[in-house]
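Visitor:
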Amino acid sequence: MHVQRECKRSCDVYINTLRLLCKQERERSKREMSSSSKVRLATLSEEPIDEEGEYKHHSIWYTSSKKAQTWLKTYFSLPNKHKHNNYLNLLLSVLGCPLFPVSQLPPQSSFSQVSSSSQYIIQHFIAATGCRKLEGTVRNMYVTGKVTMAMVDELSSNGSTTVSNIRVSQKGCFVMWQMVPNKWLIELVVGGHKVVAGSDGNVAWRHTPWLGSHAAKGGVRPLRRALQGLDPMAVASVFSEAQYTGEKRIGDVDCFVLKLSADDADLADRSDSTAEMIKHVMFGYFSQKNGLLVHLEDSYLTRVQAPGSFPMYWETYMATKIENYRFVEGVMIAHSGQSDVIITRFGDNLRAGPVITRMEEKWNIDDVAFNVPGLSMDCFIPPEELHKDYTEENQDWRSTLNGSSSLSL
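So in the numbering used here, spot 146 of the sequence shown is number 954, and the numbers just go up one at a time.
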């Protein structure tokens, strides 16, 4: 009971903080728009953590103009030893808050009947997690956890390592909120840097210290981290229309494999004149023995070509081991796991050949709560200023790799 009271007190403090920030933002917006039509509100600054890893709730709203262009120009001019420090940005961009390749289906169309192998597997998953009891009764969800991120190495085509201080880990923590339907917010703080991402059900967005706020292209999609065993209802929803591809052994677990792919329309929506999303595929591995989701794999390929330059390709592969399922209010929730990422860059402008970057993240869940009192839609309002002129949601890590890849040209 004491732990529950402490969790509720923490939730209430966080909700009140979000409400205050939202109220201050709306009031300031009205004042500035009345004084000058050219003045725009900027986004929430990064919020560092103290030595104990706790959030310091004294973030401020700061003003910035063309932060992305300035950051990129500065980054390209940095010497190698300073560029190494920016690998933290790369870790946060790739591992922090990636999105799922497809949108979440409405509950009424997700579990209505069993007419395929994939739906049979999902029915087994629903029974194993006990998540059906959440349908229609759970309005929101709250999760806190800790992460440890590390840049493993970067290899050029000749096998030489281009990243020093291999496996230097960065520790941090995160808080995630979700509300039905399709609303979510995550704040992740690692190494004194903060990344915030969210969705109000209509638009998904992200804020990073080096790019500010920007909207994700394409339709609203769920947060990948939530589908790593944290939200079984969302897992059942997105995989209910998946394609059954067979069986595979992952470690010592025999699994059924379900496949999801972004269709051509979604890929086109997530592309622009300089960055083309070629594919985005996700595989879910469900244990044949207990029905639980134990492994996720997804990969996406992007073609980037600036005017007057050769095309360049980024292929990103992410594999996540999901484990340590525990009951939370009668529902099985995964409480730990590990994600491994391999990014391969290749193209005619990389004269030394392909460059492979590897990174990893270990995560543990501290608290999970359903139906937190006081959480409202105001907590999911996007920042007033969204920079919509940037490429797809991964432009910021591609920018980081652009800078580092120049060392291999």
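Using N, Cα and C, we set each Cβ at its ideal position, and we do this for glycine too.
Just so we're clear, the structure is a prediction, and the values are computed from it rather than from any experiment.
Got a sec, what are the start and stop residues for the beta strand (DSSP E) residue 1109 sits in?
Guide: Per DSSP, residue 1109 belongs to the beta strand (DSSP E) from 1101 to 1112.
Visitor: Nearest CA to the CA of residue 995: which residue from 927, 905, 1045 and 1072?
Guide: 905
Visitor: How would you write the range of the beta strand (DSSP E) that residue 1090 sits in, first residue to last?
Guide: 1083 to 1095
Visitor: Take every Cβ of the segment 1107 to 1124, pair it with every Cβ of the segment 894 to 901, and state whether three or more of those distances are shorter than 8 Å.
Guide: no
Visitor: How many angstroms separate the CA atom of residue 1009 from the CA atom of residue 979?
Guide: 30 Å
Visitor: Can you check which of these residues, 1016, 1031 and 1039, is closest to residue 937 by C-alpha distance?
Guide: 1039
Visitor: Would you kindly work out how many angstroms separate the C-alpha atoms of residue 1151 and residue 1114, rounded to a whole number?
Guide: 20 Å
Visitor: Whose C-beta lies closer than 8 Å to the C-beta of residue 942 among residues of the same chain, with five residues either side of it excluded?
Guide: 1040, 1041, 1139 and 1178
Visitor: Pick out the complete beta strand (DSSP E) segments inside the segment 1124 to 1180, 3 residues or longer, and give them in chain order.
Guide: 1139 to 1155 and 1163 to 1178
Visitor: Pick helix, strand or coil for residue 988, following the three-state DSSP scheme.
Guide: coil
Visitor: To which residues of the same chain is residue 1005 closer than 6 Å at the C-beta, ignoring the five residues directly before and after it?
Guide: 905, 994 and 1014
Visitor: Contact between the segment 925 to 933 and the segment 1141 to 1148: three or more CB pairs below 8 Å?
Guide: no
Visitor: Quick check: what's the CA-CA separation for residue 1169 versus residue 1185?
Guide: 31 Å
Visitor: Assign residue 1086 to one of two classes, buried (16 or more other C-beta atoms within 10 Å of its C-beta) or exposed (fewer than that).
Guide: Exposed is the label assigned to residue 1086, since fewer than 16 other Cβ atoms lie within 10 Å of its Cβ.
Visitor: Exposed or buried, residue 1093, counting other C-beta atoms within 10 Å across all chains shown (16 or more means buried)?
Guide: buried
Visitor: So which of 903, 1190 and 1045 has the shortest CA-CA distance to residue 910?
Guide: 1045
Visitor: Any idea if residue 928 is buried or exposed, counting beta-carbon neighbours within 10 angstroms, 16 or more meaning buried?
Guide: exposed
Visitor: Within 10 angstroms of its Cβ, does residue 846 collect 16 or more other Cβ (buried), or is it exposed?
Guide: Low confidence applies to residue 846: its pLDDT is 40, below 50, so where it sits in the model is not reliable, and the reading given next is rough at best. Exposed, since its Cβ has fewer than 16 Cβ neighbours within 10 Å.
Visitor: Return the chain-ordered list of same chain residues with a C-beta closer than 7 Å to the C-beta of residue 1032, the five sequence neighbours on each side being excluded.
Guide: 906, 907 and 908
Visitor: For residue 1081, count neighbouring C-beta atoms within 10 Å of its own C-beta (all shown protein chains included) and say buried if the count is 16 or more, exposed if not.
Guide: exposed
Visitor: Rounded C-beta distance between residue 1194 and residue 1023? I'm assuming under 8 Å.
Guide: Separation of the CB atoms of residue 1194 and residue 1023 is rounded to 5 Å, and the pair is thereby assigned contact status at 8 Å.
Visitor: Which same chain residues, not among the five before or five after residue 1099, have their C-beta less than 7 Å away from its C-beta?
Guide: 932, 933, 935 and 936
Visitor: Which of the three DSSP states is assigned to residue 1043 in this structure?
Guide: In the three-state DSSP reduction, residue 1043 falls in the helix class (H, G or I).
Visitor: Take residue 1030 and list the residues in its own chain whose beta-carbon comes closer than 6 Å to its own, dropping the five residues that flank it on each side.
Guide: 908, 912 and 1042
Visitor: Relative to the C-alpha of residue 976, which residue among 957, 1055 and 982 is closest?
Guide: 957
Visitor: Cα-Cα, which of 991, 1034, 1016 and 1090 is closest to residue 1171?
Guide: 1034
Visitor: What would DSSP say about residue 894, mapped onto helix, strand or coil?
Guide: For residue 894, the secondary structure class from DSSP, reduced to helix, strand or coil, is coil.
Visitor: With 16 other CB atoms within 10 Å as the buried threshold, where does residue 1153 fall?
Guide: By the C-beta density criterion, residue 1153 is buried, having at least 16 other C-beta atoms within 10 angstroms.
Visitor: Can you give me the C-alpha to C-alpha distance between residue 1183 and residue 1020, rounded to a whole angstrom?
Guide: Taking the Cα positions, residue 1183 is about 25 Å away from residue 1020.
Visitor: Apply the 10 Å Cβ neighbour rule to residue 1191 and answer buried if 16 or more other Cβ atoms are within range, or exposed otherwise.
Guide: buried
Visitor: Exposed or buried, which one is residue 1135 when buried takes at least 16 other CB atoms within 10 Å?
Guide: exposed
Visitor: Have a look at 1048, 1060 and 1064 and flag the residue whose alpha-carbon is nearest the alpha-carbon of residue 756.
Guide: Outside the shown range of the chain, which is 809 to 1217, sits residue 756, and nothing can be said about it.
Visitor: Below 8 Å on the Cβ atoms is my guess for residue 1037 versus residue 1130; work out the distance and round it to an integer in Å.
Guide: 4 Å
Visitor: So, helix, strand or coil for residue 941, using DSSP?
Guide: helix
Visitor: Would you mind working out which of 1091, 1112, 1111 and 1097 sits nearest residue 1104, comparing C-alpha positions?
Guide: Looking only at 1091, 1112, 1111 and 1097, the smallest Cα-Cα distance to residue 1104 is reached by 1091.
Visitor: Would residue 990 be called buried (16 or more neighbouring beta carbons within 10 Å of its own) or exposed?
Guide: The C-beta of residue 990 has 16 or more other C-beta atoms within 10 Å across all chains shown, which makes the residue buried.
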